[in-house]
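Novice:
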Amino acid sequence: MHEERWREIVTEVHSDIPRLVEEFLAAFTATGRYGNSLVSEDELRLTAFEVFARITEVLVGTMNKSELRTHAQNLGRRRARQGVELASLIDAIQLDFDILWTRLRAAAGANQSTLIEHVAHLHSVVTLYNLMVRDAYRVEEARGQHDVRLAHARHLERLLAADDLDPLGVTEIARALDVDTDTHFHVVIAHPTAAVELRALLDVPIASGTAFGHGTRGMFVAFWPAGTPAGSTVNRNELAAIPGVRFPTVKGLAGVRAAARQAPRLFAAAGILPRLVDASDLLWAVAGDAIAGFEASPIAQATEAIAALRSTNPPVYDTLTTYLDTGSIKDTAEALHCHRNTVINRLHHVTTATGLDVTQPKGAALVLLCLFRGAP
């Protein structure tokens, strides 16, 4: 009964939007509008109509919140570009809702209980709209100053550092950062020893908002939508040389958070890395750590031998890693621009040093467990 009456009340108010718009304009004009900003009366009238229409449509379920979000973000960005003060913008939105609330009460008449039953819903819609306008305004304002880092910082801090963050919280952060919840991201996390280096390298895309970056637990976490130009603006050779871990694609901000929280475990197993390494390769180091302490395990000895090759004989180490990637002596020789016999001799050197034959599956698997482990 109350639901039917609620729809009738909101529908009545919706049909009276032109009069609400005029009430808004009269009241807003009395307060001085937006001062010397670039907002015309025609635009004020159109925006007021859109706000009243969209809010009432959301209240009865004929418009979803994603459409409301789009409108709120467009309004926030537009007013920021027009030089409107944020406080004045929020006051104008509040005036919209004051007028709407007064009209809803009048339409409810003797059925105030119906209005009371839905006041929480109305309040949540109003609060959501305000937050979306405000966040979009701040991001646009920061972008106009060529630096959105301050606007993003508190949201990224919450995403990466909060002990408890439920799916609703992740959705709120996605909204604030203006990304879809199911966007796939490319994530790069610098080891604490290289955090400053990665921050400096990605300074321009992070400042412009095409990438996101934030420090946490001594590391620096950077990410951007997979397949976007953000990554192409960075010197790939310099990025590849940074000690850290790369997650080529994770789903949503929840995936970014998971990657950032898993990175310390990967770094603990691998130690200081020589370059940027895919997370899938570092998982071998975590597995190697798990079995290194068992009696008869060759992991500790092989790890030490491989670490020595890495530091004292780079050609042999590079041949080892390339062979493990290709599984072919011929392909390894082509990749390293050397003779096949050179590859064979270098792999024999690996066998001598580690006691493991990487041309055999068992030996290759054991070496993979040691390849990126920190030296014991």
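If you're matching positions, the sequence shown starts at 70 in the working numbering and goes up one per residue. Each residue gets a CB set at the ideal place from its N, CA and C atoms; glycine is no exception.
Which residue marks the beginning of the alpha helix (DSSP H) containing Ile159, and which one marks its end?
Specialist: Within the sequence shown, the letter at position 90 stands for residue 159. Note, Ile159: alpha helix (DSSP H), Leu155 to Ala177.
Novice: Could you say which of Thr388, Thr390 and Ser366 lies nearest to Gly424 if we only look at CA atoms?
Specialist: Here residue 424 corresponds to residue number 355 of the sequence shown, with the count starting at 1. Residue Ser366 is the option with its Cα nearest to Gly424.
Novice: Exposed or buried, which one is Ile162 when buried takes at least 16 other CB atoms within 10 Å?
Specialist: In the sequence shown, counting from the first residue as 1, residue 162 sits at position 93. It is buried - the Cβ of Ile162 has at least 16 other Cβ atoms within 10 Å.
Novice: Please indicate yes or no: does the CB of Leu128 lie closer than 6 Å to some heavy atom of the ligand GTP?
Specialist: By its list of ligands, the structure shown contains no ligand whatsoever, and the ligand GTP lies outside what it can speak to.
Novice: If you count every other CB in all the chains shown that lies within 10 Å of the CB of Gly324, and 16 or more means buried, which is it?
Specialist: Position 255 of the sequence shown holds residue 324. Per the 10 Å Cβ criterion, buried.
Novice: Assign Arg102 to one of three DSSP states: helix, strand, or coil.
Specialist: Position 33 of the sequence shown holds residue 102. In this structure, Arg102 counts as coil in the three-state DSSP scheme.
Novice: So what does Trp353 bridge to, in DSSP terms?
Specialist: As a working note, residue 353 is residue 284 in the sequence shown. Partner(s): none; Trp353 has no beta bridge.
Novice: Return no unless some Cβ of chain D is closer than 7 Å to the Cβ of Ala402.
Specialist: Included in the structure is just one protein chain, with no chain D present.
Novice: For the pair the stretch 258-274 and the stretch 230-246, tell me if three or more CB-CB distances fall below 8 Å.
Specialist: The stretch 258-274 is not in contact with the stretch 230-246.
Novice: Which residues in the same chain have their Cβ closer than 8 Å to the Cβ of Ile341, if we skip the five residues on either side of it in sequence?
Specialist: For the purposes of this step, residue 341 is taken as the residue at position 272 of the sequence shown. If we look at Ile341 and ignore the five residues flanking it on each side, its Cβ neighbours are His260, Thr262, Pro312 and Gly443.
Novice: Measure the beta-carbon distance from Val194 to Leu128 and round it to whole angstroms, keeping in mind my assumption that it falls under 8 Å.
Specialist: The residue you call residue 194 lines up with position 125 of the sequence shown. The residue you call residue 128 lines up with position 59 of the sequence shown. Right, the Cβ-Cβ distance comes to about 6 Å (below 8 Å), so this counts as a contact.
Novice: In the DSSP assignment, the alpha helix (DSSP H) including Thr401 goes from what residue to what residue?
Specialist: Sequence index remark: in the sequence shown, residue 401 carries index 332 (1-based). Its alpha helix (DSSP H) spans residues Ile398 to Leu405.
Novice: List the residues that DSSP assigns as beta-bridge partners of Leu345.
Specialist: Here the question's residue 345 lines up with position 276 in the sequence shown. Leu345 is bridged to Gly313.
Novice: Going by Cα to Cα distance, which pick from Cys439, Ala99 and Arg172 is closest to Gly362?
Specialist: Residue 362 sits at position 293 when you count from the first residue of the sequence shown. Residue Cys439 is the option with its Cα nearest to Gly362.
Novice: To which residues does DSSP link His253 through a beta bridge?
Specialist: Here the question's residue 253 lines up with position 184 in the sequence shown. His253 is bridged to Lys320.
Novice: Need the endpoints of the beta strand (DSSP E) that Thr285 sits in, please.
Specialist: Position 216 of the sequence shown holds residue 285. Run containing Thr285: Phe281 to Thr285, per the beta strand (DSSP E) assignment.
Novice: Please say whether Leu137 and Arg123 have beta carbons closer to each other than 7 Å?
Specialist: As a working note, residue 123 is residue 54 in the sequence shown. As a working note, residue 137 is residue 68 in the sequence shown. Yes. Within cutoff.
Novice: Who are the near neighbours of Trp293 in its chain, counting only those whose CB is closer than 8 Å to its CB and skipping five residues on each side?
Specialist: Position 224 of the sequence shown holds residue 293. Within the same chain, Trp293 has close Cβ partners Phe254, His255, Pro274, Thr279, Ala280, Phe281, Ala299 and Gly300.
Novice: Have a look at the DSSP bridge pairing and note the partners of Val290.
Specialist: Taking the first residue of the sequence shown as 1, we reach residue 290 at position 221. Partner(s): Ile258 and His283.
Novice: Let me make sure I understand the geometry here. Which of Leu345, Gln370 and Arg203 has the alpha-carbon closest to that of Arg305?
Specialist: Numbered from 1 along the sequence shown, position 236 holds the residue referred to as residue 305. Closest option to Arg305, Cα to Cα, is Leu345.
Novice: What number of angstroms, rounded off, separates the C-alpha of Ser277 from the C-alpha of Glu209?
Specialist: Within the sequence shown, residue 277 is the residue found at index 208, counting from 1. Within the sequence shown, residue 209 is the residue found at index 140, counting from 1. So the alpha carbons of these two residues sit roughly 10 Å apart.
Novice: Could you name the residues of the same chain whose beta carbon sits closer than 8 Å to that of Val427, not counting the 5 residues immediately before and after it, in chain order?
Specialist: The residue given as residue 427 occupies position 358 in the sequence shown. Closer than 8 Å at Cβ, skipping near neighbours: Leu389, Tyr392, Leu393, Leu416, Val419, Thr420, Ala433 and Val436.
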